[in-house]
Amino acid sequence: MASQYTIPGYLRHVLEVDVDARKVLLECYWKLNEHLPSIEEQVPKVDQEVSFATLNLFFAPSPIFPHGKDSDRVNDIPCFAFPESLEDPRSKISLFLQDVIRKHVALYGSSITALKLLLPKVNGYVCRGDIIQRRFLTCDLAEKAADFTTVRQQIRAFDFKGENILQRALCGAVGAVVLKRLPGIDQSLVTSALDLLDHEMLYRLSLTWILDAPLPRKRLAMVEGRPSPAVSAASMGIYRAASALGIDLVVLDHDGHWVQDPAMESLRAEFIACDITIDEGLPDRIVQAVSKSKEPIDAIVTFPDAYLLSTARAAKKLGLHTNPPVALEMCRDKRKTREIASADVQVLSVTGVADLKQQLPLFVDLIKYPLIVKPTMGCSSEGVSKVTCETELIDAVSRNEEQFPGVNSLIEPYVSGPEVDANFVLLDGKLIWSEINDDFPSSAEMQLSNDIPDENSASTSSSSSSKSFAESSTIIPSILPGNEIALLKASLAETLVKLGFRNGVYHLEARVKDSKSNYAMTTTGVELVESPQSPNATREPSVFLIEINARVPGHQETFAVEYTYGIDYFALSMLMALSSDKNSGSKSVDNTALESVIHTLSQPYSAHVQYPTNIVFIPAERGGTFMYAKPLPEDLMRHVVEYTVFIQKGEVIKDPEKEGKWPFVAYFLVVGSLTGREGREQVRRIGERIRKAFEYEMKALE
41 MASQYTIPGY
51 LRHVLEVDVD
61 ARKVLLECYW
71 KLNEHLPSIE
81 EQVPKVDQEV
91 SFATLNLFFA
101 PSPIFPHGKD
111 SDRVNDIPCF
121 AFPESLEDPR
131 SKISLFLQDV
141 IRKHVALYGS
151 SITALKLLLP
161 KVNGYVCRGD
171 IIQRRFLTCD
181 LAEKAADFTT
191 VRQQIRAFDF
201 KGENILQRAL
211 CGAVGAVVLK
221 RLPGIDQSLV
231 TSALDLLDHE
241 MLYRLSLTWI
251 LDAPLPRKRL
261 AMVEGRPSPA
271 VSAASMGIYR
281 AASALGIDLV
291 VLDHDGHWVQ
301 DPAMESLRAE
311 FIACDITIDE
321 GLPDRIVQAV
331 SKSKEPIDAI
341 VTFPDAYLLS
351 TARAAKKLGL
361 HTNPPVALEM
371 CRDKRKTREI
381 ASADVQVLSV
391 TGVADLKQQL
401 PLFVDLIKYP
411 LIVKPTMGCS
421 SEGVSKVTCE
431 TELIDAVSRN
441 EEQFPGVNSL
451 IEPYVSGPEV
461 DANFVLLDGK
471 LIWSEINDDF
481 PSSAEMQLSN
491 DIPDENSAST
501 SSSSSSKSFA
511 ESSTIIPSIL
521 PGNEIALLKA
531 SLAETLVKLG
541 FRNGVYHLEA
551 RVKDSKSNYA
561 MTTTGVELVE
571 SPQSPNATRE
581 PSVFLIEINA
591 RVPGHQETFA
601 VEYTYGIDYF
611 ALSMLMALSS
621 DKNSGSKSVD
631 NTALESVIHT
641 LSQPYSAHVQ
651 YPTNIVFIPA
661 ERGGTFMYAK
671 PLPEDLMRHV
681 VEYTVFIQKG
691 EVIKDPEKEG
701 KWPFVAYFLV
711 VGSLTGREGR
721 EQVRRIGERI
731 RKAFEYEMKA
741 LE
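Here the sequence shown is numbered in this note's numbering, starting from 41 and rising by one per residue.
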């Protein structure tokens with residue numbers, strides 16, 4: 041077996057393996073990187089201590105199928121057999137390596153297969169069982185990332201000074217990253233790419249992901265098991281995170297829920313049938329269901345808005361840690377939220393049109409149009425209207441009275457200024473992570489030239505006749521001025537603590553009043569730009585809170601945040617539910633371990649690999665029977681990492697204008713390949729192209 045290469049710094053071995061019952065000899069080259077290269081950047085202190093080393097390994101293009109007797113050397117190259125410890129079909133590393141080798145042999149002579157093994161430098165336990173895989177979601181150099189350990193499996197520091205390093209590395213690695221296959225068989229390209237991959241390792245894994253203590257085994261009840269993956273991807277993010285964290289998930293939902301199926305046992309530890317109809321008796325039914333669990337429940341969690349309050353009340357009855365029900369009630373009722381967060385803002389709550397007409401004369405001198413009308417209790421943008429006169433005001437209240445019986449309408453001033461989504465992670469009342477995202481104007485706002493000025497003309501018209509307040513696009517991260525982002529974080533975090541929230545993931549919506557930026561129609565579409573000088577230019581920016589959601593953002597944004605920052609809100613939300621507050625007096629060894637993992641999983645990527653994301657929403661503009669949606673062109677889809685067409689063929693959508701509900705037809709999650717402002721422009725333009733290219737057919741109702 042003649043060697044094709046002599047590579048400086050690399051050692052050669054021949055690896056003897058069995059592939060599909062045939063003996064194969066693979067000439068491999070390897071190099072140990074005990075000290076990863078330094079990177080010229082400002083990195084947090086935690087990033088200075090890297091808890092792993094890497095080993096470069098690649099296989100020469102042409103495997104040999106030998107005949108004759110075995111030998112410990114082939115053409116004077118050391119030869120060793122696949123380690124016996126890797127023959128176990130249950131071993132993650134064994135399955136991974138066998139898959140890599142099988143694919144390499146199948147590509148006989150056409151390319152080089154290269155990978156990096158991650159070798160631990162410390163003893164301990166991994167923070168989550170798929171940390172490497174999740175942190176390499178956006179790495180263009182990586183074809184595949186894999187983890188070989190679990191949260192309660194002890195890791196032993198690798199002995200870098202002993203003999204048989206390659207053999208031991210194949211057995212002792214905690215994970216691996218396979219290099220994306222490069223064209224041809226030029227080894228210099230491969231070695232250069234592997235060096236670049238070391239930089240990616242530092243950008244993505246410079247955090248304390250190997251911890252001193254393991255995550256304790258905990259049993260977490262989840263109220264409402266989420267829709268089937270065939271309907272929504274939301275569920276898979278939750279179940280994936282629970283599995284990676286070693287959480288025993290107990291699902292409470294109606295009898296017949298999809299996760300009750302025995303085929304879904306791998307997703308949960310237990311399913312308990314429970315009537316989760318939302319009514320006054322729900323907290324007691326949750327308590328009864330929890331009491332039926334095979335083992336004690338440590339905490340309860342839920343993700344939909346509608347179940348937050350009932351779940352918290354049930355947790356209180358069971359003596360489990362939870363968000364304060366009183367605080368949740370304030371968030372649920374938008375008038376109460378306004379009284380706490382913006383007491384100086386004049387609002388009016390009415391039961392219906394009759395009540396409005398009775399109260400209106402008392403406030404006629406205070407009312408200044410435009411106004412916002414919305415249900416005091418509701419989710420998304422359902423029932424939200426912007427009105428410019430008394431006739432429109434009465435119509436909006438009348439529509440809400442019909443669509444949301446028993447729910448008051450809240451009337452408040454319309455506050456202009458850029459809207460944002462703000463996500464916060466609180467631990468013991470302290471902010472440990474936050475990020476601000478730009479919520480692009482809805483079609484209703486885009487009709488108003490004051491809100492969307494055209495940089496290139498004196499007036500702007502919108503091609504859409506829709507008055508939807510449904511989201512159009514959310515781009516992560518925000519490009520508001522730094523002082524306004526700091527103001528948002530400080531003000532909104534203070535409001536959360538003021539309401540009594542201490543532990544959890546929180547999703548807020550707000551506007552920056554008198555911002556130095558505004559949305560404008562540029563030559564490449566709507567974008568946030570520096571505001572022109574105006575009479576109000578001397579006013580200082582301020583925060584106007586729209587609403588508080590004591591939960592993770594919608595799954596689209598939760599996924600986007602993980603792609604941009606490497607932070608998984610589903611995982612953090614479950615860990616927070618299991619972690620008690622310092623003020624509760626129940627601090628324990630388990631809690632210390634939980635908090636260590638929470639801190640680790642709240643660490644973002646380096647800015648070098650924080651690629652912007654654009655969540656492109658396609659709301660229904662009219663009612664009818666949904667017929668089909670055309671696939672997007674391949675040149676657009678290669679930028680899309682997640683998407684869903686929400687409406688099924690034959691599904692009837694009522695007229696959004698009459699219903700005040702604007703369902704989404706589809707959404708697309710776009711991830712950039714550039715960082716900073718260039719990445720922002722890239723994903724924004726791709727989003728514009730997707731919106732124009734996406735076509736669907738809605739048959740008019742007869």
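Backbone N, C-alpha and C define an ideal beta-carbon position, used for all residues, glycine too.
Nothing here was measured: the structure is a model prediction, and the numbers come from that model.
Relative to the Cα of Ala209, the nearest Cα in the group Gln173, Lys71, Thr665, Asp315 belongs to Lys71. For Gly664, the enclosing beta strand (DSSP E) starts and ends at 664–669.
Here Val460 is buried. Its C-beta has 16 or more other C-beta atoms within 10 Å.
Assignment of beta-bridge partners to Ile451 by DSSP yields Leu388, Val413.
By the 16-neighbour rule on beta-carbons within 10 angstroms, Gly359 is exposed. Excluding residues up to 5 positions away in sequence, Asp187, Thr189, Thr190, Val191, Ser283, Ala284, Leu285, Gly286 lie with their Cβ nearer than 8 Å to the Cβ of Gly169 in the same chain.
Cβ neighbours of Lys553 within its own chain (closer than 6 Å, five residues either side excluded): Val455, Gly457, Ser582, Phe584. By the criterion of a C-beta distance shorter than 8 Å, Lys143 is surrounded in its chain by Thr153, once the five residues flanking it on both sides are discounted. Linking Phe657 to Val705 through their CA atoms gives a straight-line distance of about 8 Å. Each residue's CA atom was taken as its position, placing Asp373 and Glu442 some 19 Å apart. Per DSSP, the unbroken beta strand (DSSP E) holding Glu549 starts and ends at 544–553. Here Ile693 carries a strand assignment [DSSP, helix/strand/coil]. Counting along the chain, no beta strand (DSSP E) covers Ser134; the unbroken alpha helix (DSSP H) around it starts and ends at 132–146.
DSSP places Thr178 outside both helix and strand once states are collapsed to three, so it counts as coil. Less than 9 Å separates the beta-carbon of Arg244 from that of Gly606.
Pairwise C-beta distances place the segment 610–619 out of contact with the segment 207–227, as fewer than three of them are shorter than 8 Å. In this structure Ser713 is in contact with Asp180, their Cβ atoms being roughly 7 Å apart against a cut-off of 8 Å.
Val437 places its beta carbon 9 Å or farther from that of Lys426. Going by DSSP, Ile638 is part of the alpha helix (DSSP H) stretching over 629–641. If you keep only unbroken alpha helix (DSSP H) runs of at least 4 residues inside the segment 164–224, you get 171–175, 205–212. Sixteen is the threshold: when 16 or more other Cβ atoms of the shown chains lie within 10 Å of the Cβ of Met616, as they do, the residue is buried. A direct Cα-to-Cα measurement between Gly423 and Glu485 gives close to 15 Å.
The segment 248–258 and the segment 150–167 touch, with three or more beta-carbon pairs separated by less than 8 Å. Closest in C-alpha terms to Leu177, from the list Val711, Arg731, Leu222, Thr563, comes Val711. Selection Ile133, Gly664, Ile516, Arg579 evaluated against Arg717 yields Ile516 as nearest (Cα-Cα). A Cβ-Cβ distance of about 16 Å is found for the pair Gln650 and Thr598, leaving them out of contact under the 8 Å criterion.
Leu206 and Leu137 have their C-alpha atoms some 13 Å from each other.
Fully enclosed beta strand (DSSP E) runs of no fewer than 3 residues occupy 288–293 of the segment 288–312, in order along the chain. Excluding its 5 nearest sequence neighbours in each direction, Ala533 has C-beta neighbours in its own chain below 8 Å: Phe464, Leu466, Leu471, Ser474, listed in chain order. Of the residues assessed, Pro365 falls on the buried side of the cut-off, its CB having 16 or more other CB atoms within 10 angstroms.
Leu242 is the residue among Ser646, Leu242, Glu699 whose C-alpha sits nearest the C-alpha of Pro77.
Apart from sequence neighbours up to five positions away, the residues of its chain that approach Ala367 with a beta-carbon distance below 8 Å are Leu539, Gly540, Phe541, Ala590, ordered along the chain.
Contact annotation: the segment 220–231 does not touch the segment 314–329, with fewer than three C-beta pairs closer than 8 Å.
In the DSSP assignment, the residues bridged to Thr684 are Tyr707. Gln227 has its alpha-carbon roughly 51 Å from the corresponding atom of Thr342. Cα atoms of Lys376 and Ile588: separation of roughly 11 Å, rounded to the nearest angstrom.
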